[in-house]
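Student:
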Amino acid sequence: MAQLMFRCPYTNKPIRLGVELALESFKAVAEYPISVYCPYCNCQHHGSMSDGCLTEEQAPPLAPREP
Ligand SMILES: [Zn+2]
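Those letters in the sequence shown? Residues 2 to 68, per our numbering, in order.
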């Protein structure tokens, strides 16, 4: 599974959605409209799933968090 990421169109900063998606699933929903809350602009950005991208960044599921 890969992490679904978006990029803010105004600040060009990455927005992590906290969603894991298989590549096949991503293709299947590419035209699906979504709205993403952007913490940089403090508002919602609207687009479609194809505006996002998948990263293969590994996130250990049960790793203890650093304080
Ligand atoms: Zn933004």
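C-beta atoms are modelled at their ideal positions from N, C-alpha and C, and glycine is treated no differently.
The model shown is predicted, which means the values in this text are computed figures rather than measured ones.
How long is the line joining the alpha carbons of serine 36 and proline 68, rounded to whole angstroms?
Tutor: Cα-Cα distance, rounded: 31 Å.
Student: Can you list, in chain order, the residues of its chain with a C-beta nearer than 6 Å to that of threonine 12? Leave out the 5 residues immediately preceding and following it.
Tutor: Closer than 6 Å at the Cβ level, and outside the excluded window around threonine 12, lie Tyr41.
Student: Kindly indicate which residue of Leu55, Glu32 and Ala23 has the alpha-carbon position closest to the one of glycine 48.
Tutor: Here the closest residue by C-alpha is Glu32.
Student: Tell me whether the beta-carbon of histidine 46 lies closer than 8 Å to the beta-carbon of cysteine 54.
Tutor: Cβ distance not < 8 Å, so histidine 46 and cysteine 54 don't count as in contact.
Student: With distances taken from each beta carbon to the nearest heavy atom of ligand 1, which residues come in below 5 Å, in chain order?
Tutor: Taken from the N-terminal end onward, the list reads Cys9, Tyr11, Cys39, Tyr41 and Cys42.
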